[in-house]
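Presented below is the structure to which this report refers.
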Amino acid sequence: MSALSRTSAAAPVAAPHASTSGSVTAVMATVMLALTPATLYGFWLYGWPSIYLWLITVAFAMLGEAVCLRLMERRAVPVLFDGSAMLTGWLLAVSLPPWAPWWIGALGGLFATMLCKQAFGGLGQNLFNPAMVARVALLISFPVQMTAWVAPLPIDMAAAPGPISGLLVTLKGIPQGLDAVSSASLLGFAKTEMSRGVDLLQSLPHAPSLSWLGSRPGSLGETASWLIAAGGLLLIVRRVISWHIPVAMLAGIAVPAALLHLVDPARYLDATTHLLSGGAMLGAFFIATDYVTSPNTARGQLIFGAGCGVLTYVIRTWAGYPEGVAFAVLLMNSLTPIIDRYVKPRVYGRDRQGVALDAPAMAARPIVGREY
Amino acid sequence: MGLIDRLFKDPAWGVHPDDHKRPAADQPLRVLPPPARLYMPLQQHVGGAARPVVQVGEKVLKGQLLAAAQGNISAPVHSPVSGQVVAIGEVTAPHPSGLGFTAITLESDFAERWIDADAVADPFSLAPEEITRRTAAAGVVGLGGATFPSAVKFVLGQRLKVATLIVNGGECEPYLSSDDRLMRDRASEVVDGARIVMHAIGATQVLVGIENNKPEAIAAMQLAAAPFAEVNICPVPARYPMGSDKQLIQTLTGREVPADARAAEVGVLVHNVSTCAAVHQAVRLGRPLVERIVTVNGGAVREPGNVFAPLGTLVDELLAFCGLHEAPSRLILGGPMMGSPLAHGKIPLVKGASGILAFDAREATIPPAGPCIRCGSCTRACPMGLLPLEMAARIRHDKFDEAAALMLGDCISCGCCAWVCPSHIPLVQYFSHAKGELSARERTRLRNDASRRLAEARVLRLEREAREKAEAALRRKAERAAAKAAAERQETPGETV
Ligand code: SF4
Ligand code: SF4
Chain A
1 MSALSRTSAA APVAAPHAST SGSVTAVMAT VMLALTPATL YGFWLYGWPS IYLWLITVAF
61 AMLGEAVCLR LMERRAVPVL FDGSAMLTGW LLAVSLPPWA PWWIGALGGL FATMLCKQAF
121 GGLGQNLFNP AMVARVALLI SFPVQMTAWV APLPIDMAAA PGPISGLLVT LKGIPQGLDA
181 VSSASLLGFA KTEMSRGVDL LQSLPHAPSL SWLGSRPGSL GETASWLIAA GGLLLIVRRV
241 ISWHIPVAML AGIAVPAALL HLVDPARYLD ATTHLLSGGA MLGAFFIATD YVTSPNTARG
301 QLIFGAGCGV LTYVIRTWAG YPEGVAFAVL LMNSLTPIID RYVKPRVYGR DRQGVALDAP
361 AMAARPIVGR EY
Chain B
1 MGLIDRLFKD PAWGVHPDDH KRPAADQPLR VLPPPARLYM PLQQHVGGAA RPVVQVGEKV
61 LKGQLLAAAQ GNISAPVHSP VSGQVVAIGE VTAPHPSGLG FTAITLESDF AERWIDADAV
121 ADPFSLAPEE ITRRTAAAGV VGLGGATFPS AVKFVLGQRL KVATLIVNGG ECEPYLSSDD
181 RLMRDRASEV VDGARIVMHA IGATQVLVGI ENNKPEAIAA MQLAAAPFAE VNICPVPARY
241 PMGSDKQLIQ TLTGREVPAD ARAAEVGVLV HNVSTCAAVH QAVRLGRPLV ERIVTVNGGA
301 VREPGNVFAP LGTLVDELLA FCGLHEAPSR LILGGPMMGS PLAHGKIPLV KGASGILAFD
361 AREATIPPAG PCIRCGSCTR ACPMGLLPLE MAARIRHDKF DEAAALMLGD CISCGCCAWV
421 CPSHIPLVQY FSHAKGELSA RERTRLRNDA SRRLAEARVL RLEREAREKA EAALRRKAER
481 AAAKAAAERQ ETPGETV
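Quick mapping for you: the protein sequence lines, in order, are chains A and B. Residue 1 is where the first sequence starts when you use the UniProt record's numbering, and the numbers rise one by one after that. Residue 1 is where the second sequence starts when you use the UniProt record's numbering, and the numbers rise one by one after that.
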């Protein structure tokens with residue numbers, strides 16, 4: 001009898017004895033799934049070089065993680081299997097110019113996982129979003145390569161580089177013959193023209209076209225804004241992320257943009273352009289929502305998201321760089337611990353200051369049960 | 001329920017684990033024949049252990065008092081069978097890790113002869129004090145798992161003039177369906193018990209909260225409550241931990257229990273449905289609490305379902321009665337979210353045991369813990385509005401005071417956070433550990449305070465004694481001097497002027 005019921009596994013110390021079927025790997029996989037449509041669309045628009053760059057960036061991000069784990073004498077395979085290094089590489093890859101040389105992706109990937117993540121102690125310990133730190137580091141170190149945008153050249157077009165010549169683009173740089181494809185992104189174009197004293201009303205008609213379909217110069221994750229947004233909605237529906245950061249961030253960009261555009265359309269781009277340009281969508285749904293580097297209460301996330309959005313707008317409009325999402329997110333990352341310190345949920349039975357509620361006052365409340 | 005309803009009505013807290021209640025909940029209640037040997041622990045409740053009042057060898061009837069309550073907060077223990085007392089004292093556990101317990105060991109005579117019941121035809125004619133006394137004498141304690149002596153709560157409710165009795169039929173723990181079965185099969189007993197409790201505490205209405213995943217129980221209870229306007233059956237969303245007192249009160253009344261107060265202080269008192277049925281048995285039928293419905297469930301059980309069993313029955317016997325496919329990979333007393341793991345099945349069924357779960361290997365597997373990815377799922381799930389990840393981070397570095405400042409003390413150990421964590425971090429274990437450390441420190445502090453006070457008092461006393469001694473010595477010296485002077489005066493009268 002006692003043999004019958006003797007437990008075979010070591011008895012756990014405490015409840016709960018059940019657990020969600022979710023896992024870190026599942027979370028990362030869902031995020032990657034949400035990124036897939038936009039990435040594939042980007043591959044189609046920018047052809048083989050973008051595929052190679054993506055592969056190289058992801059591979060080096062994973063390599064960086066594996067090397068660090070080996071150096072710390074930990075087994076690399078289970079940690080790599082959680083998918084976070086791959087996701088970091090992926091996010092970095094879709095924020096790079098699609099025809100950037102291979103070493104941009106390689107350096108960025110290694111930098112992201114080795115110095116921005118494992119050096120802090122691995123998953124969950126880093127203060128800053130690794131992909132964005134890597135992107136900013138690359139932008140500062142290699143401004144030419146990091147701003148060499150190309151106009152879309154869909155993979156099925158005759159002029160597009162094939163698998164071999166595409167590889168050469170990634171390995172050796174953009175050949176002379178294809179030079180015509182280099183182009184400026186819309187935000188960059190507007191900024192350059194403004195600095196030349198040409199106002200937007202005159203310059204915009206010549207600007208690279210802005211299209212919801214994403215057929216315009218930019219990074220993989222920038223062009224197909226609507227696919228990025230759709231992926232983001234999937235994440236919200238699947239409850240991988242909550243709506244707070246994306247909505248607050250997009251509002252943080254759109255509200256000032258709309259107001260200033262109303263005041264002076266000759267100097268300020270409109271809200272739609274801002275939302276569809278640069279990394280706004282990618283940032284709002286995939287970058288700023290990074291669990292590790294964002295606050296973990298709903299109110300904290302609203303503050304964080306709004307901060308990311310407003311800073312993005314400020315940097316784009318008044319600072320030296322045409323794009324500001326990466327800087328904005330990093331700045332807000334640094335505020336995350338402070339936000340988390342001061343913005344806490346109200347505890348049951350206490351007020352926001354943590355003082356116990358008043359029992360007689362509570363007892364005097366009329367009983368209002370809701371009908372279910 | 002529509003999506004909009006869901007969005008606006010469902011509470012934001014908690015988790016929604018697969019409930020695994022059926023098919024066990026739908027099986028008819030089975031009655032366990034009395035086992036040959038039973039073990040009635042003396043402590044099946046919060047408070048002081050009961051004091052045995054029978055002798056080894058004594059013949060007892062079913063329902064006869066075995067051990068009396070001891071102290072203000074305690075509960076008596078009665079015989080679950082008719083038979084003979086064969087031992088009183090420590091029952092050693094057959095397992096190196098299992099601790100022994102103090103119990104009265106009984107041998108059943110299988111005759112099931114009850115004591116003469118002191119039934120009451122109309123409990124509502126009794127004074128509330130009399131109901132309270134009878135409830136206490138019947139050994140009724142909170143059967144939802146809290147096992148707090150019910151009569152003590154009645155007194156509290158009376159003193160604080162509680163107007164609303166909440167009857168907890170939430171049964172939010174997955175796998176468990178003993179309350180569900182009780183409400184389906186014995187709804188009128190539950191309603192009658194609830195009305196008796198209401199009378200005992202002087203309340204004016206009863207709200208029975210039942211999770212909406214138990215439509216049969218809701219229907220049965222509505223039928224039973226129909227004649228009584230003061231008894232309201234209130235379906236509530238199925239969401240763990242709806243059956244926690246604080247969450248149920250919030251859902252049913254919109255009131256919150258302040259952090260430093262008891263529910264009665266905000267005008268409500270919560271009793272479990274099984275407790276109400278036990279009060280009905282105790283007061284109306286004069287039968288003490290000696291049996292209960294227990295859910296036997298889990299992947300290792302061949303015929304999962306609910307069993308009406310005498311208290312004191314060994315878990316092994318319950319499992320044998322329902323059959324096992326395989327040796328359980330984990331045995332749990334209670335539900336999977338808050339139940340205690342059992343090292344073996346040689347543990348008797350106690351008053352607070354609503355379920356025995358025998359998990360198969362698949363159910364028992366909890367993936368290894370990974371690093372916290374700060375996903376915030378735990379924060380969203382916590383029904384108390386705490387920040388589990390932040391508390392755990394502090395506890396990991398032994399910063400217990402910082403964890404306490406994050407209101408660790410308000411944690412109800414419901415397990416939502418640990419359940420939902422994608423990294424499977426055993427958060428509740430962290431919290432239990434820290435709570436233990438904090439209360440140990442508190443005890444040490446109190447002890448140190450007390451010994452310091454004692455030491456100070458001793459110093460004061462010694463000083464005072466020394467002073468008194470010195471004063472006495474001085475006084476004596478002065479007296480002696482005065483006496484001497486007087487004697488000298490008498491001897492030499494001529495010297496005085
Ligand atoms: S649920 Fe787990 S991984 Fe997510 S924040 Fe909480 S402790 Fe960290
Ligand atoms: S912190 Fe405590 S109260 Fe909150 S979910 Fe975890 S166990 Fe429950």
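Don't be surprised by glycine CBs; every beta carbon is placed ideally from N, CA and C.
Heavy atom of ligand 1 within 7 Å of residue i beta-carbon
i: PRO367/B; result: no
i: GLY376/B; result: yes
i: SER21/A; result: no
i: ASN212/B; result: no
i: ALA14/A; result: no
i: ILE425/B; result: yes
i: VAL420/B; result: yes
i: ASN297/B; result: no
i: PRO388/B; result: yes
i: ILE245/A; result: no
i: ASN296/A; result: yes
i: CYS68/A; result: no
i: ALA440/B; result: no
Residue i Cβ short of 7 Å to ligand 2 heavy atom set
i: LEU333/B; result: no
i: CYS382/B; result: yes
i: residue 561/B; result: Given a span of 1 to 497 for chain B in the structure shown, any question on residue 561/B remains unanswerable.
i: SER413/B; result: yes
i: VAL428/B; result: yes
i: CYS322/B; result: no
i: CYS116/A; result: no
i: CYS372/B; result: no
Selected residue, minimal CA-CA separation from residue i, among the options
i: THR324/A; options: LEU282/A, MET86/A, ALA224/A; result: A small fix is needed here, since residue 324/A is Gly in this sequence, not Thr. Checking every option, the nearest Cα to that of GLY324/A belongs to LEU282/A.
i: ARG299/A; options: PRO161/A, LEU330/A, SER277/A, ARG346/A; result: ARG346/A
i: GLU402/B; options: GLU437/B, GLU256/B, PRO383/B; result: GLU437/B
i: LEU92/A; options: LEU55/A, PRO360/A, ARG70/A, ARG238/A; result: LEU55/A
i: VAL58/A; options: VAL27/A, ARG70/A, ALA134/A, HIS17/A; result: ALA134/A
i: GLY124/B; options: VAL420/B, GLY202/B, ILE425/B, MET183/B; result: Sequence inspection shows Phe at residue 124/B; the Gly mentioned does not correspond to that position. Of VAL420/B, GLY202/B, ILE425/B, MET183/B, the residue nearest in Cα terms is GLY202/B.
i: ASP360/B; options: ALA111/B, PRO215/B, PRO17/B, ILE332/B; result: ILE332/B
i: GLU222/A; options: ALA254/A, LEU110/A, ALA284/A, LEU260/A; result: ALA284/A
i: CYS234/B; options: ALA217/B, PHE148/B, GLY335/B; result: ALA217/B
i: GLY354/A; options: GLY409/B, ASP179/B, VAL350/B, SER244/B; result: GLY409/B
i: PRO388/B; options: ASP398/B, PRO348/B, CYS416/B; result: CYS416/B
i: TYR321/A; options: PHE43/A, LYS191/A, GLY22/A, ALA230/A; result: LYS191/A
i: ALA278/B; options: THR147/B, ILE249/B, GLY157/B; result: THR147/B
i: GLY345/B; options: ILE395/B, ASP19/B, ASP316/B; result: ASP316/B
i: PHE304/A; options: THR289/A, TYR313/A, TRP318/A; result: THR289/A
i: GLY370/B; options: ALA100/A, GLY122/A, GLY42/A, ALA29/A; result: GLY122/A
i: ASP156/A; options: PHE43/A, ALA361/A, LEU200/A, VAL368/A; result: PHE43/A
Bridge partner(s) assigned by DSSP for residue i
i: PRO337/A; result: Per DSSP, none; premise fails for PRO337/A.
i: HIS78/B; result: LEU65/B
i: THR105/B; result: TYR39/B, ALA87/B
i: ALA356/A; result: ARG350/A
i: LEU207/B; result: ILE166/B, ASN232/B
i: GLY48/B; result: SER74/B
i: TRP103/A; result: In the DSSP output, where bridge partners are listed per residue, TRP103/A has none listed.
i: ARG30/B; result: VAL307/B
i: LYS59/B; result: GLN84/B
Quiz prompt | Ranges of the alpha helix (DSSP H) found wholly within the segment 134–191 of chain B, counting only runs of at least 4 | solution = 150–159, 178–185
Self-check item: 4 or more residues per run - each alpha helix (DSSP H) lying fully within the segment 218–297 of chain B
Solution: 245–253, 273–279
Self-check item: Residue ranges of each alpha helix (DSSP H) within the segment 297–372 of chain B, 4 or longer
Solution: 315–322, 361–364
Exercise. Could you pull out every unbroken beta strand (DSSP E) segment of at least 3 residues lying fully inside the UniProt domain "4Fe-4S ferredoxin-type" (402–431) of chain B, listed in chain order?
Key: none
Exercise. Please go through the segment 285–341 of chain A and give each complete alpha helix (DSSP H) segment of 4 or more residues, from N-terminal end onward.
Key: 298–318
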